[in-house]
Structure formats: C-alpha cells, structure tokens
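Some notes on the structure that comes next.
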Amino acid sequence: MKKLWGKHLRNFAAKMLDLPADVTMEMPRITMIGQIHMYIENHRGVLVFNDKELRLLLTKGQLLVKGEKLVIRAILSEEVLIEGKVDGVQFIE
Amino acid sequence: MQYHWTKWFNGFLVIVLKGKRIERLINIAVQRNIQIWNITRFDHERGRISIRLADFYRLRPLLKETGCRIRIIGKHGFPFLLTKVKKRYTFFIGFVGFLVMLFLLSNVIWSIEVIGTEKISKTEILTEAQKLGIEQGKFSFMLDEPDKIQSELMAQIPEASWIGFQLKGTKAQIRVVEKVIPDPKEALSPRHLVARKTAVIHDLFAEQGKPMVRPDDFVRKGDILVSGLIGKEESPVAVAAKGKVEGEVWYETDVVVPIQRKQAVYTGEKHRNYYIILGDMQIKLWGFGDIPFQEYEVKQNPWMVRWREKDLPIGWKTEDLHSVEHKIHKVNPQEAQELAKEAARRDIISKMGNGGYIKEEKVLLQREENDKVYIKMHVIAIEDIAVEQPIILEGE
Chain A
1 MKKLWGKHLR
11 NFAAKMLDLP
21 ADVTMEMPRI
31 TMIGQIHMYI
41 ENHRGVLVFN
51 DKELRLLLTK
61 GQLLVKGEKL
71 VIRAILSEEV
81 LIEGKVDGVQ
91 FIE
Chain B
1001 MQYHWTKWFN
1011 GFLVIVLKGK
1021 RIERLINIAV
1031 QRNIQIWNIT
1041 RFDHERGRIS
1051 IRLADFYRLR
1061 PLLKETGCRI
1071 RIIGKHGFPF
1081 LLTKVKKRYT
1091 FFIGFVGFLV
1101 MLFLLSNVIW
1111 SIEVIGTEKI
1121 SKTEILTEAQ
1131 KLGIEQGKFS
1141 FMLDEPDKIQ
1151 SELMAQIPEA
1161 SWIGFQLKGT
1171 KAQIRVVEKV
1181 IPDPKEALSP
1191 RHLVARKTAV
1201 IHDLFAEQGK
1211 PMVRPDDFVR
1221 KGDILVSGLI
1231 GKEESPVAVA
1241 AKGKVEGEVW
1251 YETDVVVPIQ
1261 RKQAVYTGEK
1271 HRNYYIILGD
1281 MQIKLWGFGD
1291 IPFQEYEVKQ
1301 NPWMVRWREK
1311 DLPIGWKTED
1321 LHSVEHKIHK
1331 VNPQEAQELA
1341 KEAARRDIIS
1351 KMGNGGYIKE
1361 EKVLLQREEN
1371 DKVYIKMHVI
1381 AIEDIAVEQP
1391 IILEGE
C-alpha cells in the first residue's frame, strides 16, 4: 500500500514539475553515439558480460545489449560505458 | 577513462582473470568502490580488466569469494617507472645529466650584441661590459640584475645618454643611445675683449681669457676688458677671449614733443562707387551724385576675374570713400612728459646692443615753449659693452 502511494506521488511530481523520467522513476537513461559508444545510467548490476552481449539488471526487468567486440570502458555503481559495435538493445520484462 | 593522468601517476595494473563468475566479481568490485575499467571477456572463463595499483590488494578477498584466479600482464604508471629507474640508474643519471646540461647551457651567454652605436666604438662598450662580467661563455645567472648593469654601464660610458641591457635567451643585448654632441665650434683666432663704450663695469664674466677689470671700474672706449694673453708675462699664450661684460653706460637725450596734435578721425560716413574694369578702362556703374563730405580717404577693393591663377583683364571694383574729420588734439603737459620719456627710452634702447636694459632714468630739464615740450633726460643703462679685438702677435 505504502509503495503504491509513493509511486503515485512520484508520478504526480514528475508530471507537475516536468522532471525527466529517469530521475523520478528509476528508469535507465541510455545515450548512444552511433553503434560505437553506449552510455547507460541507472543500472543495478551486470548479469552477463562477454564480447557478444551485455545483460544489465534494472530496477524493473533487464536490459540486453547485443553486439561485437564489446568492452566495458568504465563502470560505476549506477553507470556503465560500453565500446564496440552495438547491434541491438532489448528490454526484457 | 577520465582522470587518465592521475591513473597513470598512481599506477595501474592490467590483469587477466580466470574463473566462471567474472560478472559477480565486477559487481562486487563496483559496490566496494574498487575502480576497474577496460573490461573485456575473451571467452567463458577468461577476461581482462585494468585496476588501480592501490585497489589491487583489496581485490584479493573478492577473488576468493568468486573463485577467480589472476595473472598480471601489464604494469603501467609512475610507481613502476620508479622501479625501472632503479634498475637502469645509469640511464637515469644520463637523463638527469642531460636535463642539467640543457639548463646550464641555455643559461650561458653565447653572444653579445651591441645596438645603436655610431660614434662610440663597440669594443669600448664590450670591454666595459666584460668588466661587469658580460662575456661569452659566462652564466647569465651569475650576472647582477639588468638594472644594476645598466646603471654601471651608463656610469662607465658617459658618451652615451642611455644604455639598456637585456638578456634575450642566450643573447645579451646592449642597446646604446648616443648623446648628440654638437659639432665643436670653430677655433677662434686670438683676441681681446675691449670696451665698446665708456662705461662703469657692472658685471663681468670671463669664459676664457684673463679679466682685466673689476665691477665698478671705470673704462674708456677701447680699454681691454678681458685679455686674450694668458700665462706668464714673459711668455704669454694668446687665446680667444670670451665672456660677457656688462657695463653701466650713461646716455643723455633731448626729446621734443608737440602739445598739439592733428589727428584724422573717421566720422563713420561712407560713400561707395562701383566700377567695371575692362583692360585699362574703368567704367563707373554706380555711385553718381554729390559726395556729401569734403575730406575723405579712399579705399579701393578690386576684384579681377581669375582663370588658372592668371588675372584676366576683366573685373570689377568697389571704391569706398570714408569721410574724415581732422581734429586738433591737445595733450596736457603731464601726458606730453610721459610721451617724451617713452620716446627717449626708445631712442636709447635702439642705441644699446642686445640684452640691454634701463637701470635708472632722470629728467634733467623740462621746458614748454611754442606748444612743444622739451625734455632732456639722463639714462643709466646696463648693456653688453664687450667687443672683440684681434691680437696681432709681434714677430709673426
């Protein structure tokens, strides 16, 4: 019950104050430069990583990045920068 | 990736990981604030990461937790450079020696440049500079401050009005501004200074030669004031006497000033005639009729047609006739006296040479006769009474 109210309140605040969803809703913000760079904020940890795929845990669901020669250039607790050739991004509920 | 320089400075390692739970290792490392970057995965069991040297020891417990093993394949950064230096200390000494040499050699004066000399010889300046330590092959930091060198040089070389000293890299630059010395005056032939007038010496300044008189001495015309013969009496040396001798000279003047003066005065009335000029002919156009006054002054104002700076024989002319009245102006005796004095002064000043002035004046006689004021005035003037007289040496 309490959680539900909190979510409603956040939704309301996001609409009223015109805040971006990634701040209020804890959703990932993904910035890409062509295929070669990918910057993901608000992730919750690495599930799978190899040179063909990167699977990240999100607050709700997972994010699957497919590509070739993937390298994690930098990683922080909520951010990750990937280089390589990104072929696809997929959200898994 | 950011702060790459600090990463390099603190040192970092490139590690190959062997194990199945590499993702877990990454997650835990991130949670515990262990910085890792450039993560790649070769295959299911092997990966590679970069890690800070300081964090490397904190990684060990994680390896146990995740069951990974490591192999260091690269050591980068300053701490490792230090250990390398320890190994190759001769090379390092050479490198430091190189830096020291570079520093020393770049602080050596390799050339000295003298700018702006025309009359003063460069070698003179260079020898003076050498005394102050400015020499080829000397260290520039051994020198005094440029300001001090500058003033020293200026003191040593009085012919220059200003000397600037500046170090430009390995070049010492001495900038000289020479005094503009006027050409020496042509040698004067031997001469005396003699009195031009009978006078009492007021002041005497002999630049060259032997003064023969003193202030308050009475001199007659032709007396020697400054002698051009100096030295012993038996064997005098002839020089060109030079100097300034001021003497008191007495003047007496007679001035006559009329009491009555006839003066022409404009009445303000005016008559204007207009003419056209054609060659030598003048054709009157306007201004006919009687002139309403008898006495007048004529002012003509011709205006010729000009073409390319040449007067053409065509033009026109205005002629103004200004009416004039003659008035007899009577001066009162006091005014007449002032006028007479003024005239006397002018007369005396014209008789004096340059630089003379009137010291005292006295009216000796004043008389009014036949509408005229007669004044006899005595004036004491101070003026330069010296005049050159060449010395003709006997036996030459």
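Heads up: the sequence lines are chains A and B, in that order.
No gaps in the numbering here: position 36 of the first sequence is 36 in the working numbering, and each next residue is one more.
In the working numbering, each residue carries its 1-based index in the second sequence increased by 1000.
Cβ coordinates follow ideal geometry from the N, Cα and C atoms, glycine included.
None of these values were measured; they are calculated from a predicted model.
Counted within 10 angstroms of its Cβ, other Cβ atoms place residue i as buried (16 or more) or exposed
i	result
Phe1009 (chain B)	exposed
His1192 (chain B)	buried
Glu83 (chain A)	buried
Thr1170 (chain B)	exposed
Trp1037 (chain B)	buried
Gly1074 (chain B)	exposed
Gln1031 (chain B)	exposed
Ser1235 (chain B)	exposed
His1044 (chain B)	exposed
His43 (chain A)	buried
Gln1150 (chain B)	buried
Ala38 (chain A)	Position check: residue 38 (chain A) holds Met in this sequence, whereas Ala was assumed. With 16 or more Cβ atoms within 10 Å of its Cβ, Met38 (chain A) is classed as buried.
Phe1012 (chain B)	buried
Ile1224 (chain B)	buried
Arg1346 (chain B)	exposed
Gly1395 (chain B)	Any reading at Gly1395 (chain B) needs caution, since the residue's pLDDT is 49, under 50, leaving its predicted position unreliable; the model's value is listed next. Flag for Gly1395 (chain B) reads exposed.
Asn1332 (chain B)	exposed
Ser1050 (chain B)	buried
Lys85 (chain A)	exposed
Glu1383 (chain B)	buried
Ile1181 (chain B)	exposed
Val1265 (chain B)	exposed
Pro1292 (chain B)	exposed
Asn1027 (chain B)	buried
Leu19 (chain A)	exposed
Ile1109 (chain B)	buried
Thr1253 (chain B)	buried
Anticipated Cβ contact below 8 Å, residue i with residue j, distance rounded
i	j	result
Leu1062 (chain B)	Leu1025 (chain B)	6 Å
Glu1023 (chain B)	Val48 (chain A)	6 Å
Arg1048 (chain B)	Val1014 (chain B)	7 Å
Val1213 (chain B)	Leu1204 (chain B)	7 Å
Ile1039 (chain B)	Ile72 (chain A)	4 Å
Arg1379 (chain B)	Ala1344 (chain B)	The amino acid occupying residue 1379 (chain B) in the given sequence is Val; Arg does not appear at that position. Sure, about 7 Å apart at Cβ, within 8 Å.
Met1377 (chain B)	Lys1359 (chain B)	Incorrect: roughly 14 Å between the Cβ atoms, too far for contact.
Gly45 (chain A)	Phe91 (chain A)	Not quite, the Cβ-Cβ distance comes to about 16 Å (not below 8 Å), so this is no contact.
Ala1240 (chain B)	Ser1189 (chain B)	6 Å
Counterpart residues of residue i in DSSP-defined beta bridges
i	result
Phe1012 (chain B)	B:Arg1052 and B:His1076
Gly1247 (chain B)	B:Ile1201 and B:Glu1383
Arg73 (chain A)	Its beta-bridge partners do not exist; DSSP assigns none.
Ala1238 (chain B)	B:Leu1229
Val1366 (chain B)	According to the sequence as given, residue 1366 (chain B) is Gln; it is not Val. Answer by DSSP bridge pairing, in chain order: B:Ile1375.
Tyr1274 (chain B)	B:Trp1286 and B:Thr1318
Asp1311 (chain B)	B:Arg1306
Tyr39 (chain A)	A:Thr31 and A:Leu81
His1326 (chain B)	B:Ala1264
Asn1301 (chain B)	B:Thr1318
Ser1111 (chain B)	B:Lys1171
Lys1018 (chain B)	B:Arg1046 and B:Arg1069
Ala66 (chain A)	For the record, residue 66 (chain A) in the displayed sequence is Lys; it is not Ala. Per DSSP, A:Glu53 and A:Gly88.
Lys1210 (chain B)	B:Ser1227
Residue i Cβ short of 6 Å to the ligand GTP heavy atom set
i	result
Ile1291 (chain B)	You won't find the ligand GTP in this model; it holds no ligand whatsoever.
Given 8 Å, three or more beta-carbon pairs between the region 1263-1283 of chain B and the region 1314-1331 of chain B: Touching, per the Cβ criterion.
Stretch pair the region 1288-1305 of chain B + the region 1338-1353 of chain B: three plus CB contacts closer than 8 Å: The region 1288-1305 of chain B is not in contact with the region 1338-1353 of chain B.
Segment contact, 8 Å Cβ cut-off, at least three pairs: the region 1199-1207 of chain B with the region 1237-1250 of chain B: The region 1199-1207 of chain B vs the region 1237-1250 of chain B: in contact.
Short-range partners of chain A found in the region 1008-1037 of chain B, where Cβ spacing is below 9 Å: Flagged, chain order: Ile1022, Glu1023, Arg1024, Ile1026, Asn1027, Ala1029, Val1030, Gln1031, Asn1033, Gln1035, Ile1036 and Trp1037.
Contact set between the region 1169-1181 of chain B and chain A, restricted to residues whose Cβ is under 9 Å from the partner: Residues of the region 1169-1181 of chain B whose Cβ lies closer than 9 Å to any Cβ of chain A: none.
At least 3 beta-carbon pairs within less than 8 Å: the region 1250-1261 of chain B vs the region 1333-1348 of chain B: Output reads yes: the region 1333-1348 of chain B touches the region 1250-1261 of chain B.
At least 3 beta-carbon pairs within less than 8 Å: the region 1153-1168 of chain B vs the region 1096-1105 of chain B: Counting C-beta pairs with one atom in each stretch, the region 1153-1168 of chain B and the region 1096-1105 of chain B have fewer than three that are closer than 8 Å, which means they do not touch.
Near-chain B residues of the region 14-41 of chain A - C-beta to any C-beta below 9 Å: Among the residues of the region 14-41 of chain A, none has a Cβ less than 9 Å away from any Cβ of chain B.
Chain A contacts from the region 1062-1080 of chain B (Cβ-Cβ distance under 9 Å): Listed by position, the residues of the region 1062-1080 of chain B near chain A (Cβ gap below 9 Å) amount to none.
The region 13-24 of chain A touching the region 54-74 of chain A, judged by at least three CB pairs closer than 8 Å: They do not touch, by the three-pair rule.
Contact set between the region 1037-1060 of chain B and chain A, restricted to residues whose Cβ is under 7 Å from the partner: Answer in chain order: Trp1037, Asn1038, Ile1039, Thr1040 and Arg1041.
Residues within the region 75-92 of chain A neighbouring chain B, beta-carbon criterion of under 8 Å: If the cut-off is 8 Å between Cβ atoms, the region 75-92 of chain A has Ile75, Leu76, Ser77 and Leu81 near chain B.
The region 1114-1131 of chain B / the region 1083-1092 of chain B touching (three or more Cβ pairs under 8 Å): No contact exists between the region 1114-1131 of chain B and the region 1083-1092 of chain B.
Meets three-Cβ-pair contact criterion under 8 Å: the region 1221-1234 of chain B and the region 1202-1210 of chain B: Cβ pair count under 8 Å is three or more, so yes.
Against chain B: residues of the region 46-64 of chain A by CB proximity under 8 Å: Going along the region 46-64 of chain A in chain order, one finds Val46, Leu47, Val48, Phe49, Asn50 and Asp51 with a Cβ nearer than 8 Å to chain B.
Segment contact flag, the region 1213-1222 of chain B with the region 1153-1163 of chain B, C-beta cutoff 8 Å, min 3 pairs: Too few Cβ pairs lie closer than 8 Å, so no.
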